[in-house]
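Taking the UniProt record's numbering, the leading residue of the sequence shown gets 1, the next gets one more, and so forth. Every residue gets a Cβ at the ideal spot worked out from N, C-alpha and C, and that includes glycine. This report concerns only the one structure given below.
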Amino acid sequence: MAIEWSAAYWPAAVIQVSVAVAAVTVLLGYAYSTYHYGKWNRLGVPHADRPTPLLGHLADTIMGRMALINLVHAFYGQFDGCRYFGIYEARKPLLVLRDPELVHSTLVGDFTHFYDRNANKVSFKHDKLFDHLANLRGEQWKAVRAKLSPTFSSAKLKSMVGDMNECTERLIENLNGQITRNI
């Protein structure tokens with residue numbers, strides 16, 4: 001016995017198919033946005049709880065409810081005693097190093113594996129405002145770093161301490177003057 005489709009069944013069938021397609025789309029979207037959130041569990045890395053789908057642990061910062069520095073400070077407090085911990089920047093897992101020795105070995109000994117990691121896809125060729133060490137990549141970064149490294153030797157930094165203290169004192173005096181004038 002064959003089922004006859006009459007005009008009365010079409011609206012109900014269209015609604016059922018639409019609801020089914022919407023439900024599958026929502027489920028696939030949720031799975032896509034949360035798939036990577038088990039990485040730190042699988043690797044046995046201590047990590048922050050409950051990342052927000054698509055936004056990760058930076059949801060409060062992205063939504064403007066908390067400054068990034070306050071969020072990082074909260075995570076540091078939460079993982080006191082750990083050498084490292086994991087968070088998620090949107091869907092991307094990030095490993096945060098807390099131990100100074102681990103940071104040093106990563107930035108110095110393992111540097112060849114980590115440079116240009118968060119490289120911007122924007123070209124700064126014509127914008128001199130953004131043409132500095134933090135935004136340079138590859139060989140251009142190496143050349144500028146080689147020129148700047150001697151400037152930041154221990155002896156030169158020690159000789160700058162007096163000047164830096166004097167500048168800091170003048171800044172504090174100026175800020176105090178501004179505060180008293182505005183009160």
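Best match in the options for proximity to residue i [C-alpha to C-alpha]
i: histidine 57; options: Ile172, Arg42, Gly44, Thr34; result: Thr34
i: histidine 36; options: Thr52, Val26, Val21, Ala22; result: Thr52
i: glutamate 89; options: His113, Gly81, Leu71, Gly138; result: Leu71
i: valine 45; options: Ala22, Ala23, Gln178, Cys82; result: Cys82
i: alanine 59; options: Ala31, Arg91, Tyr32, Phe85; result: Arg91
Residue i versus residue j - alpha carbon distance
i: proline 100; j: glutamine 78; result: 18 Å
i: alanine 74; j: isoleucine 87; result: 12 Å
i: glycine 64; j: proline 93; result: 21 Å
i: serine 154; j: leucine 55; result: 41 Å
i: leucine 175; j: leucine 68; result: 25 Å
i: alanine 12; j: valine 26; result: 21 Å
i: glycine 38; j: threonine 106; result: 24 Å
i: threonine 168; j: valine 24; result: 60 Å
i: aspartate 163; j: glycine 29; result: 56 Å
i: alanine 22; j: threonine 61; result: 30 Å
i: valine 96; j: glycine 109; result: 17 Å
i: tryptophan 40; j: glutamate 139; result: 33 Å
i: isoleucine 183; j: methionine 66; result: 28 Å
Buried versus exposed, by CB contacts within 10 Å (16 or more), residue i
i: phenylalanine 152; result: exposed
i: phenylalanine 111; result: exposed
i: histidine 113; result: exposed
i: histidine 104; result: exposed
Nearest-angstrom Cβ-Cβ length linking residue i and residue j, presumed shorter than 8 Å
i: leucine 133; j: tryptophan 141; result: 7 Å
i: tyrosine 76; j: arginine 98; result: 7 Å
i: valine 144; j: leucine 136; result: 6 Å
Q) What are the uninterrupted segments assigned as beta strand (DSSP E) that are 3 or more residues long and contained completely in the stretch 47–107, given in chain order? A) The stretch 47–107 contains these whole beta strand (DSSP E) runs: 84–89, 92–97.
**Q.** Uninterrupted alpha helix (DSSP H) stretches inside the stretch 130–172 (no shorter than 4 residues)
**A.** 138–148
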